[in-house]
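So the sequence lines, in the order shown, correspond to chains A and B. Using the numbering used here, the final residue of the first sequence is 326, and nothing's skipped along the way. Using the numbering used here, the final residue of the second sequence is 1516, and nothing's skipped along the way. For glycine and all other residues, C-beta sits at the position ideal for the given N, C-alpha and C. Quick caveat, the model's predicted, so the values are computed rather than measured. Have a look at the structure below before the remarks.
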Amino acid sequence: METNKIMKFTLKNSTAVLFVLLFIMFGLIAPRFFTLKNFQNILSNSSYIGIIAVGMTFVLLTGGIDLSVGATMYLSAVVCGKLINDLGFSVTSAVLISLLVGLAVGSVNAFAITKLRLVPFITTLITQTIARGMGLFITRSIAVNYPDSVTLLSTSKLFGFIPLQIFIFLFVVFIAALVLNRTRYGRQLYAVGNDLESAMKAGIKCERLIASTYIISGFLAALGGFVTITQIGRVNANFGTGDEFDAIAAAVLGGASLFGGIGTVFPGTILGTVMIEMIQAGLVFANIDLYIQPIIMALIIFSAVFIDSMRTMQIKKLERRNILKA
Amino acid sequence: MADIAFAFKHISKRFFGVHALKQVSFELERGKILGLVGENGAGKSTLMNIMGGVLQPEVGTLLLRGETYRPLSPLDASCAGIEFVHQELNLFTNLTVAENISINSFPCMRRTPFINKRTMHQACRKLLESLNLDIAPTMLVENLSPGERQLVEIAKALSTDADILLFDEPTTSLTAKDTENLFSLLRHLRDAGKSIIYISHILADVQKLVDDVVILRDGEVMGGGPIGDFPIKRMINLMVGREINHLFPEKTPYATDTVILESQNISEPGIVRDISIKVHAGEIVGMFGLMGSGRTEFARMLFGVDSYHEGEVLVQGKPLPRHKPEQSIRNGMAFITENRREEGLLMDYPIIENIGLVSLPDYCAKVSRLVDSKRLFRRANEVGTSLKLKCNNLKLQKVKSLSGGNQQKVVIGKWLLKDPSLLILDEPTRGIDVGAKYEVYLIMERLASEGSGILFISSEVEELIAMCDRIIVWSQGEIMREFVRDEFSQESIMRIAFRQELDDDADIEVATYGNE
Chain A
1 METNKIMKFT LKNSTAVLFV LLFIMFGLIA PRFFTLKNFQ NILSNSSYIG IIAVGMTFVL
61 LTGGIDLSVG ATMYLSAVVC GKLINDLGFS VTSAVLISLL VGLAVGSVNA FAITKLRLVP
121 FITTLITQTI ARGMGLFITR SIAVNYPDSV TLLSTSKLFG FIPLQIFIFL FVVFIAALVL
181 NRTRYGRQLY AVGNDLESAM KAGIKCERLI ASTYIISGFL AALGGFVTIT QIGRVNANFG
241 TGDEFDAIAA AVLGGASLFG GIGTVFPGTI LGTVMIEMIQ AGLVFANIDL YIQPIIMALI
301 IFSAVFIDSM RTMQIKKLER RNILKA
Chain B
1001 MADIAFAFKH ISKRFFGVHA LKQVSFELER GKILGLVGEN GAGKSTLMNI MGGVLQPEVG
1061 TLLLRGETYR PLSPLDASCA GIEFVHQELN LFTNLTVAEN ISINSFPCMR RTPFINKRTM
1121 HQACRKLLES LNLDIAPTML VENLSPGERQ LVEIAKALST DADILLFDEP TTSLTAKDTE
1181 NLFSLLRHLR DAGKSIIYIS HILADVQKLV DDVVILRDGE VMGGGPIGDF PIKRMINLMV
1241 GREINHLFPE KTPYATDTVI LESQNISEPG IVRDISIKVH AGEIVGMFGL MGSGRTEFAR
1301 MLFGVDSYHE GEVLVQGKPL PRHKPEQSIR NGMAFITENR REEGLLMDYP IIENIGLVSL
1361 PDYCAKVSRL VDSKRLFRRA NEVGTSLKLK CNNLKLQKVK SLSGGNQQKV VIGKWLLKDP
1421 SLLILDEPTR GIDVGAKYEV YLIMERLASE GSGILFISSE VEELIAMCDR IIVWSQGEIM
1481 REFVRDEFSQ ESIMRIAFRQ ELDDDADIEV ATYGNE
């Protein structure tokens, strides 16, 4: 009975268990991995994907998908840079406008999906192309550089020790987790993802809820873009390309289902994000060949998702009712 | 003058040009329980959908407390104080019981958007207590049994403080004890001044519970009035439109000595132990047991859906080691599952797609493997006719739009296309009306006469006694005893199923269907 319980716990928290295992493994390979500096780097590097992945989790919860986040990140970053460099906007107003760009792309997705009833996959693929196209049109594919006033933000620390990007990341996670777990909106989102037809019959305003998730996702993509430019100070033409897949991977690694209704921001998606970043850092520390790293990365993600699908079956078996008398 | 809570006045509605409702008028008095009975397809669901704002009538008016009522959506109905408990459950399995109950009315902490969990759980606990339900409000719905889920669904409707409550077959997965519980609660609500419409096929329940009854047939009101004027026999006659003298066909034994299906010492830890059975050609073998006695689980193993740890399944003398449903089908087995909605049908697909589902490979051209849809249609049509399937268009009509009895015929038809030599029928008459039940029995008789073996799982002793050559009684994953036809007796079968441990008046935890 006790082993049964341990089994159940391990299976139910497979991502967390894997996380701890990888963590110890990297630490044993490279002792330098266990330094405060390194932890801070991992957290800091995962902040922008984490922010996007939070938005992605909202979308995935309804059973949708948002492929446009990488391009949204790019477009909003470009708009921000152009406003500051060419039109002389202040950093604050430029950043606010760039966030509006994210809201706008999200709203277009929301409109197309809920009002025109297009499939999320295709809709966001289209807006992805359009957003990137607009960004390329504005920049003529020339890289945008940001003034020091922007890049210096990344060195600013809140309360003297929390770097800005980590603070934004944690703040977003905190709000998102609160919204999903403790508000009517959040719980209804889970309901919509579980059974759309029942949700409609229950009088939940499903369209509005689904629309809102794309708007949130667009906004958080733009916020993720802002966080990145403060860190790197330069945006070239392929900025954000493929980030949507990292975000999806992070959410799924954290237990979110692509069919909706299942997933959490905290601990789920956050664990997924930090885990991806930790593997990347760990591979560097372990001196793995640069060109083999992505393959190992992909294999680890594969096994995590594979374990996840196996465990669902196992949990069912363990929780099955016992008919026979003892 | 009686106090009228709700009235239908000359309601008519057509689908595909066919009248679903014709000039339907009746009234629901305040503080009364009104039974609504009729065969599947008589128009009960249409009527409900009109009341709930899902459909709009073509002709006629609805009166709510004497005033015109024209709901355009389920939300309108809800706002007007009308709540429904649908036959199919509308619960969210990923949320807790309390969250499901307050999905639209979460209590919030003062001036914040945050849910006050304590208030929510307290209210929920009180509600569950009033239903005598021992479920924690924090329990996830996916961990509840079907019966518990149905009770939660009912609790949800009661939580809204609605004036008019409508129940559509609320007892299909409830035990006798829970049903009794529900009835006393409904009576209590009635006495508190609520008005209730209760739809059911179980006429004995209707007889016991309601004050007034309305009988529908083919979209028309055939009769109605105080329940005292309508004994069960009269209700049936009005529903079916003809005199029904017997509920079951005459039993003719067709059993031969040829063994079609045999299981040898099937065991699976925690589920079944050492099960050996035989089914002969032309024989109808019943399997009786309480809910969760392992009958369905065993049937799934026989068919190869679930694995078993030990033992062997032989079909026509040929062992099928570690078989999958594919091999079972190839060897002439058919499995009509318990839940036709979830496991038996593609609800959103046309009838023809459903009927052709299993035998599609048989209707493919030799080389190109393209489906010969003309041949398939011809055969599906034949089967449909032989089953007396009532539908408008095999190719266009979705299964979802059929009545329960006709849906069940589609499931059976799907397997008949394969000409099976062995059929496993798991609760084939659950949730369908008297007329459709009789037709299902006739189909079973016909198949047995043609030499098929039938394994008939049911929770209704009466139908097993009427239909079977042998009855195998299960309890807690084991076969307790086998009865041959001469020994059939309702009492001894029940007694065995309960392991003789109970007194006569103990809770009989068995679903009681169709005592009509």
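Cβ neighbour criterion (16 or more within 10 Å) applied to residue i
i                     : result
aspartate 1503(B)     : Model confidence at aspartate 1503(B) stands at a pLDDT of 43, short of 50, so the residue's coordinates are unreliable; what they give is reported in the following sentence. Result: exposed.
threonine 72(A)       : buried
lysine 1194(B)        : buried
cysteine 1079(B)      : exposed
glutamate 1326(B)     : exposed
asparagine 238(A)     : exposed
alanine 1365(B)       : exposed
arginine 269(A)       : Note that residue 269(A) is threonine in the sequence shown here, rather than arginine. Classification of threonine 269(A): buried, given that the 10 Å Cβ count is 16 or more.
leucine 180(A)        : buried
glycine 1514(B)       : Residue placement at glycine 1514(B) cannot be trusted, given a pLDDT of 35 that sits under 50; what the coordinates show is reported in the next sentence. Buried: at least 16 other Cβ atoms inside 10 Å.
lysine 1032(B)        : buried
isoleucine 1424(B)    : buried
proline 1231(B)       : exposed
valine 1367(B)        : exposed
alanine 326(A)        : Unreliable placement is indicated for alanine 326(A), whose pLDDT of 45 sits below 50; the coordinate value is still reported in the next sentence. The residue in question, alanine 326(A), is exposed, as its Cβ has fewer than 16 Cβ neighbours within 10 Å.
threonine 1256(B)     : exposed
proline 1253(B)       : exposed
phenylalanine 1335(B) : buried
lysine 1395(B)        : exposed
arginine 1111(B)      : exposed
proline 120(A)        : buried
phenylalanine 137(A)  : exposed
asparagine 1331(B)    : buried
lysine 1234(B)        : A small correction: the amino acid at residue 1234(B) is arginine; lysine does not occupy that position in the sequence shown. With fewer than 16 other Cβ atoms within 10 Å, it is exposed.
proline 1269(B)       : exposed
lysine 1469(B)        : Looking at the sequence provided, one finds aspartate at residue 1469(B) rather than lysine. So aspartate 1469(B) counts as buried.
phenylalanine 1303(B) : buried
phenylalanine 343(A)  : The question about residue 343(A) has no answer here: the residues shown for chain A are numbered 1 through 326.
tyrosine 291(A)       : exposed
Integer Cβ distance of residue i from residue j, believed to fall under 8 Å
i                    : j                  : result
aspartate 1178(B)    : leucine 1151(B)    : 6 Å
alanine 1176(B)      : valine 1085(B)     : The Cβ separation is near 19 Å, so there is no contact.
glycine 1219(B)      : alanine 1007(B)    : With a Cβ gap of about 18 Å, glycine 1219(B) and alanine 1007(B) do not count as contacting.
arginine 194(A)      : asparagine 1094(B) : Before going on, a small fix: residue 194(A) reads as asparagine here, not arginine. Yes, they are in contact, since the Cβ atoms of asparagine 194(A) and asparagine 1094(B) sit about 5 Å apart, within 8 Å.
threonine 327(A)     : isoleucine 130(A)  : Nothing can be reported for residue 327(A), as the shown portion of chain A is limited to 1 through 326.
phenylalanine 169(A) : glycine 242(A)     : With 8 Å as the limit, phenylalanine 169(A) and glycine 242(A) do not qualify as a contact, their Cβ atoms being about 20 Å apart.
serine 1267(B)       : aspartate 1274(B)  : 6 Å
isoleucine 232(A)    : serine 47(A)       : That pair is no contact at about 13 Å.
alanine 104(A)       : threonine 273(A)   : Rounded, the Cβ-Cβ distance is 25 Å, inconsistent with contact.
Residue i: contacting residues in chain B (beta-carbon distance under 7 Å)
i              : result
glycine 358(A) : There is simply no residue 358(A) to check, as chain A begins at 1 and stops at 326 in what is shown.
Residues that residue i contacts on chain A, provided the C-beta gap is smaller than 9 Å
i                  : result
asparagine 1090(B) : Asp195, Glu197, Ser198, Ala199, Lys201, Ala202
asparagine 1104(B) : Arg184, Gln188, Ala202, Gly203, Ile204
Contact list for residue i against chain A, beta-carbon separation under 8 Å
i               : result
leucine 1189(B) : The contacting residues do not exist; leucine 1189(B) stays about 21 Å from chain A at best.
Beta-carbon neighbours of residue i, restricted to chain A and to distances below 7 Å
i                 : result
glutamate 1099(B) : Arg187
leucine 1063(B)   : What leucine 1063(B) touches in chain A: nothing, since even the nearest Cβ is about 23 Å away.
Requested in this report: Indicate whether the contact test is met: 3 or more Cβ pairs, each with one atom in the stretch 1222-1239 of chain B and one in the stretch 1060-1067 of chain B, closer than 8 Å.
Outcome: no
Review point. Using Cβ-Cβ distances below 7 Å, what residues of the stretch 181-201 of chain A are close to chain B?
Key: Arg182, Thr183, Arg184, Arg187, Gln188, Tyr190, Ala191, Asn194, Asp195, Ser198, Lys201
Discussion item. Using a Cβ distance threshold of 8 Å, determine whether the stretch 249-264 of chain A contacts the stretch 77-90 of chain A, with at least three qualifying pairs required.
Written reply: no
* **the stretch 1474-1487 of chain B contacting the stretch 1307-1324 of chain B, beta-carbon criterion three pairs below 8 Å** => no
Segment contact, 8 Å Cβ cut-off, at least three pairs: the stretch 2-17 of chain A with the stretch 296-303 of chain A
no
Quick one, which residues of the stretch 57-86 of chain A are near chain B if we go by CB-CB under 8 Å, in chain order? none
ask   = If you pair each beta-carbon of the stretch 34-42 of chain A with each one of the stretch 221-234 of chain A, do three or more pairs fall below 8 Å?
value = no
Would you call the stretch 1436-1456 of chain B and the stretch 1278-1287 of chain B touching, i.e. three or more CB-CB distances under 8 Å?
yes
Between the stretch 1056-1087 of chain B and chain A, which residues of the former have CB atoms less than 7 Å from a CB of the latter, in chain order? Pro1074, Leu1075, Ser1078
**Prompt:** the stretch 1112-1131 of chain B: which residues have C-beta closer than 7 Å to a C-beta of chain A, in chain order?
**Reply:** Pro1113, Phe1114, Ile1115
Contact between the stretch 1066-1080 of chain B and the stretch 1116-1136 of chain B: three or more CB pairs below 8 Å?
no
Next on the checklist: I want to know whether the stretch 1380-1398 of chain B touches the stretch 1294-1302 of chain B - three or more CB-CB distances under 8 Å.
Outcome noted: no
Counting beta carbon pairs with one atom in the stretch 1046-1055 of chain B and one in the stretch 1122-1141 of chain B, are three or more of them shorter than 8 Å?
no
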